[in-house]
Amino acid sequence: MAVATRLTAMQEKKLQNYFGGKRFTLLYKASVHEFSGSNCLKRCCGQGPTLMVIYGGCYVWGAYIRENYKRDDTVPVVLFAFQENEISECDVGAHSPSFFLYEYSVSCSNSLWFLLNLREKKATVSLDTAKKLGLPQDQPISLEECEVFRCEDLLDKRTMKGITQLHERLLHDMKTYSPYGGLVHQIRILLLGPTGAGKSSFFNSVKSVFRGHVTHQALVGSDTTGVSDKSIYFLSLALQIHFFLFLINNHIRGAWVFNSTKPITPVHSNYIDNPLLKDRIHCVALVFDINSVEHLSRDMMAKIKKIRRELIKCGVAHVVLLTHVDSMDLISRGDLGDIYKCMLVKPKLETVHRELGFALSDILVVSNYTSEWELDPVKDVLILSALGQMLWAADDFLEDLPPEETGRYLMIINCGILYRVLHFI
Amino acid sequence: MAVATRLTWSEQKSLEKMLGNVSLRLLYKSSVHERDIRSMNEKCTRQGPTVTIIYVGNFVLGVFMLGDHPEEHNNFKTVNPSFYFSFQKNAITAMKTAVLETETKINSGQLVCYSSGQEVFSVHPGESSFSVDDSLRNTLGTYLRSGSKYSECEVFHVDGIEDDINYISKITGATKHRDSLLVELGTYKPCVDFVSEIRILLLGPIGSGKSSFINSVKSVFQGRLTRQARVGSDVTSITEQYRIYPIKDGRHGKYLPFRLCDSMGLHEKEGVGLCMEDIPYILKGCMPDRYQLNPSRPITLSHPNFIASPSLKDRIHCVAYVLDINSINDLSSKMVAKFQQIQKEVLSYDTACVLLLTKATNCGEFLQGNFSNMDKPMTFQSRIMDASKMLNIPIYNTFVAENYTSEWELDPIKDTQILFVLRQMLRVAEDFFEDLP
């Protein structure tokens with residue numbers, strides 16, 4: 001049988017968060033390694049802080065030992081139990097694991113005692129404890145399975161060191177990046193999304209990461225068209241990134257062009273017929289709050305699909321940027337280190353992939369800087385990786401251009417695909 | 426001391442990736458747990474596949490064992506396919522590997538690995554020493570004598586491996602094979618000198634994976650996932666232009682002497698999907714790159730970029746029919762009739778053809794241990810037979826592939842398979858030239 005846990009993704013995440021942002025490593029599983037107290041002890045002692053999970057009928061409960069212990073040490077033990085998906089705990093004082101794992105019960109004067117008899121698949125807790133944890137009052141409680149995990153901090157020193165190195169490398173790569181073929185010196189990225197999606201704060205976050213400190217640039221108020229034009233961001237003298245922010249808003253009526261110098265409405269009649277390559281949008285990022293992806297209105301989804309088809313027609317590269325991941329329920333800073341593998345984030349990515357048709361590798365997750373004062377390398381790594389993907393996408397776009405364009409920087413008029421007008425209804 | 430590995434965060438990530446995107450979980454650490462075989466065994470047996478790593482100064486030597494860590498009381502050797510790797514700290518990219526069919530056993534306080542009856546590797550936790558036999562030492566680049574001491578020994582449980590006897594050879598073999606295919610294709614030249622590049626046309630129903638295949642090929646050569654050809658799923662074809670895609674060898678490399686031509690998907694209804702009358706023009710080489718396809722009207726001579734007198738190099742040299750392997754039996758009779766009509770057309774131009782079946786999950790099954798052959802798995806056998814019969818394409822020109830559609834990163838097993846299919850397409854295309862008058 002495989003050495004895998006019985007905990008559901010939700011239960012595991014809740015436990016990880018409850019005990020301070022931990023990662024679990026399964027060390028012992030009774031059904032594989034034998035229902036024996038001594039076996040359990042052999043595998044679990046000297047492994048640092050451990051979490052023991054006991055499964056009996058509909059009850060999922062156990063013990064958390066936050067200190068390392070050798071065979072006969074006495075350590076503080078905290079019992080916990082899931083009561084309707086929430087965790088409750090009960091401090092039972094100091095015990096010796098080799099004591100409570102012994103196969104014969106021993107009476108104890110301490111009113112908060114707890115004994116685990118693995119061989120007979122029975123556990124005993126004092127009535128007070130059972131009441132506190134919502135466990136059955138008639139003892140002993142039977143159990144079907146017992147698992148023990150080592151608990152490690154998600155962002156321990158080693159991980160932080162690795163992330164910091166990655167951060168430096170990404171920053172360096174970004175500063176030395178040059179667009180495909182040296183065709184342009186300014187990459188133009190359009191951020192498109194509903195109100196509150198996080199477009200402005202993404203721009204600020206990118207700026208902060210390169211500045212080396214958090215900046216909250218006062219937003220230039222968007223005009224009635226809902227377009228705001230962010231100032232150019234310098235990466236190096238040879239390369240700039242220019243962000244445009246555009247609002248998808250149910251009330252906007254109008255036409256705008258992907259390939260002009262600036263998204264426009266009929267109010268602006270001065271759009272350019274043959275925009276130069278350097279003036280076009282090279283990459284579009286559709287920005288959404290990650291919490292909203294499962295609740296997008298049918299209207300919004302239809303709009304997005306329409307936009308996507310237009311983007312494909314124009315050949316403009318596009319990605320999806322999901323923001324505010326740290327505001328998700330149960331997600332903490334520790335999860336940002338490996339966010340794409342996080343069991344609560346993956347379903348969101350699958351939803352976007354399935355409902356809107358974007359490739360998984362085109363869906364980026366970030367946590368913007370909103371109210372912090374200090375930069376955090378864990379966040380920076382996500383922001384830089386997302387920006388990197390946008391630049392790669394822009395590169396793909398530049399590479400895909402017909403040679404006539406790149407040679408002369410002008411569009412051939414009969415390539416009717418080069419500009420489209422999109423109407424929002 | 427904390428029970429944390431000596432590997433750096435990025436070294437661990439590289440190792441996990443190399444082993445097939447697994448997770449490594451530390452079970453035993455000699456400097457924290459006791460230095461004897463019993464302690465090691467207590468923590469490591471019955472945990473499934475493990476990786477045992479020893480650190481000797483700046484040098485890291487490891488062995489991945491597919492089977493369980495051997496039990497102390499067993500008096501016999503157990504078969505345990507394994508592979509060995511070594512690298513210098515901070516230079517994990519220059520890793521050396523060796524694959525062996527080994528048997529493992531615990532012998533007088535040592536974990537011993539035997540190959541063909543000979544002891545090739547052993548670890549003695551009690552004395553913090555290890556030994557490696559000569560041939561293995563030469564392969565792994567270690568110049569340490571037997572009985573050398575190590576500073577640390579760690580054993581990890583490996584999470585995420587499918588139970589598969591060919592797993593090891595796939596993991597180590599795939600990268601090597603992929604790299605050799607990359608070299609072979611990178612230096613490919615058409616066998617005839619009057620054509621400088623081979624043109625392969627992809628034809629198939631909407632959503633069958635033509636554009637995805639092109640993206641996958643480009644991705645493998647570029648070493649990263651790229652999506653130049655737009656893909657997606659919709660009722661009508663995402664691809665709306667006829668495109669002739671060049672392939673570069675690496676990000677800044679030269680263009681390779683073959684092009685993959687992408688078209689609109691086929692639909693059983695008239696006026697939807699690729700227009701049947703466009704096909705002869707495409708085959709002859711009259712259709713220009715980026716021509717906007719019209720489902721109801723074929724290209725005409727009056728089109729400004731129409732190539733009126735296409736030369737041999739403009740023609741399509743090989744047609745690859747692309748079908749979703751899972752819906753072969755769901756094709757309507759109208760669609761089948763369309764295919765057969767197209768096939769007639771293609772054969773009338775003497776164009777070579779192959780059949781590419783996509784969306785085959787677990788393509789890893791197809792690859793035999795030694796990668797010399799793409800064996801077709803039993804599960805797909807009947808569908809492959811049906812498809813090949815329907816289009817009258819021999820089995821040896823029928824290939825199975827899984828495109829990159831929803832992955833985060835490249836995988837050497839998939840890469841190998843995609844390159845293999847591409848190479849076979851080129852070989853078949855060359856046959857076309859042989860048949861020319």
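Heads up: the sequence lines are chains C and V, in that order. Each residue of the first sequence is one higher than the one before, counting from 1 in my numbering. Each residue of the second sequence is one higher than the one before, counting from 426 in my numbering. Glycine residues also receive a C-beta, built at the ideal position from the N, C-alpha and C atoms. Treat the numbers as computed from the prediction; the structure is a model and nothing was measured.
DSSP beta-bridge partners of C:Phe243: C:Ile189
With DSSP as the reference, label V:Asn719 as helix, strand or coil. strand
Answer yes or no: do V:Ile741 and V:Phe683 have a C-beta to C-beta separation smaller than 8 Å? no
Option nearest V:Leu628 by Cα separation, candidates V:Phe581, V:Phe764 and V:Glu609: V:Phe764
For the segment 1-18 of chain C, enumerate the residues whose C-beta is nearer than 9 Å to any C-beta of chain V, in chain order. Ala2, Val3 and Ala4
By how many angstroms is the C-alpha of C:Thr50 removed from the C-alpha of V:Gln666? 59 Å
If we define contact as Cβ-Cβ less than 8 Å, is C:His33 a contact residue for chain V? yes
Tell me, please, whether the CB atom of V:Arg624 is closer than 8 Å to any CB atom in chain C? no
Between the Cα of V:Ala427 and the Cα atoms of V:Glu579, V:Phe824 and V:Thr661, which residue gives the shortest distance? V:Glu579
What residue from C:Leu133, C:Pro140, C:Leu135 and C:Asp338 has the CA that sits closest to C:Gly122's CA? The amino acid at residue 122 of chain C is misidentified as Gly; the sequence shows Lys. Closest option to C:Lys122, Cα to Cα, is C:Pro140.
Quick one, which of V:Asn751, V:Ala762 and V:Asn515 has its alpha-carbon nearest V:Thr786's? V:Asn751
Would you grab the beta carbon distance between C:Val319 and C:Asp362 for me? Rounded to a whole angstrom, and I think it's under 8 Å. 5 Å
Mind checking if C:Gly21 is an interface residue toward chain V, Cβ cutoff 8 Å exclusive? no
Short Cβ contact (8 Å threshold) for C:Glu355 with C:Met300: no
DSSP three-state assignment for V:Gln647, whether helix, strand or coil: helix
In terms of DSSP beta bridges, what is C:Glu89 paired with? C:Phe80
In three-state DSSP terms, what is V:Arg848? helix
When Cβ atoms are compared, which residues of the segment 462-481 of chain V fall closer than 7 Å to chain C? Glu467, Lys468, Arg471, Gln472 and Gly473
Cα-Cα separation between V:Met520 and V:Val481, rounded to whole angstroms: 15 Å
Less than 8 Å between CB atoms is the rule here; does V:Ser831 satisfy it with respect to chain C? yes
Answer yes or no: do V:Phe546 and V:Val476 have a C-beta to C-beta separation smaller than 8 Å? no
Tell me whether V:Ile418 sits in a helix, a strand or coil according to DSSP, three-state version. Outside the displayed span of chain V (426 to 862) sits residue 418 of chain V, for which this structure offers no information.
Hey, is V:Ile838's beta-carbon within less than 8 Å of any beta-carbon in chain C? no
Closest to C:Thr129 by C-alpha separation, out of C:Arg150, C:Gly56, C:Gly62 and C:Val184, would be which residue? C:Gly62
Should C:Pro347 be flagged as near chain V, meaning a C-beta pair shorter than 8 Å? no
Give, in chain order, every residue of the segment 442-458 of chain V whose Cβ lies closer than 8 Å to some Cβ of chain C. Arg450, Leu451, Leu452, Val457 and His458
Interface partners of V:His366 on chain C, CB under 9 Å: Outside the displayed span of chain V (426 to 862) sits residue 366 of chain V, for which this structure offers no information.
Nonlocal neighbours in the same chain, by C-beta distance under 6 Å from C:Ser105, ignoring five residues either side: With a pLDDT of 49 at C:Ser105, under the threshold of 50, the modelled position of that residue is not reliable, and the figure given next carries that caveat. Closer than 6 Å at Cβ, skipping near neighbours: Leu115.
Within chain C, partners of V:Gln653 - CB distance below 8 Å: Asp396, Glu399 and Asp400
Quick test of the definition: if touching needs 3 or more C-beta pairs under 8 Å, does the segment 675-692 of chain V touch the segment 613-625 of chain V? yes
Host alpha helix (DSSP H) of V:Lys521 (start-end): V:Lys521 -> not in any alpha helix (DSSP H); beta strand (DSSP E) instead, spanning Ala516 to Leu525.
Where V:Thr776 and V:Lys709 are concerned, what is the direct C-alpha to C-alpha distance, given to the nearest angstrom? 10 Å
Where V:Phe858 and V:Arg852 are concerned, what is the direct C-alpha to C-alpha distance, given to the nearest angstrom? 10 Å
Proximal residues to C:Ala359 (C-beta, below 8 Å), its chain only, five neighbours per side dropped: His353
Contact check, C:Thr209 vs C:Leu15, beta carbons under 8 Å: Note that residue 209 of chain C corresponds to Val in the displayed sequence, not to Thr. The answer is no: Cβ separation not under 8 Å.
Could one say the Cβ of V:Arg852 lies closer than 8 Å to chain C's Cβ atoms, at least one of them? no
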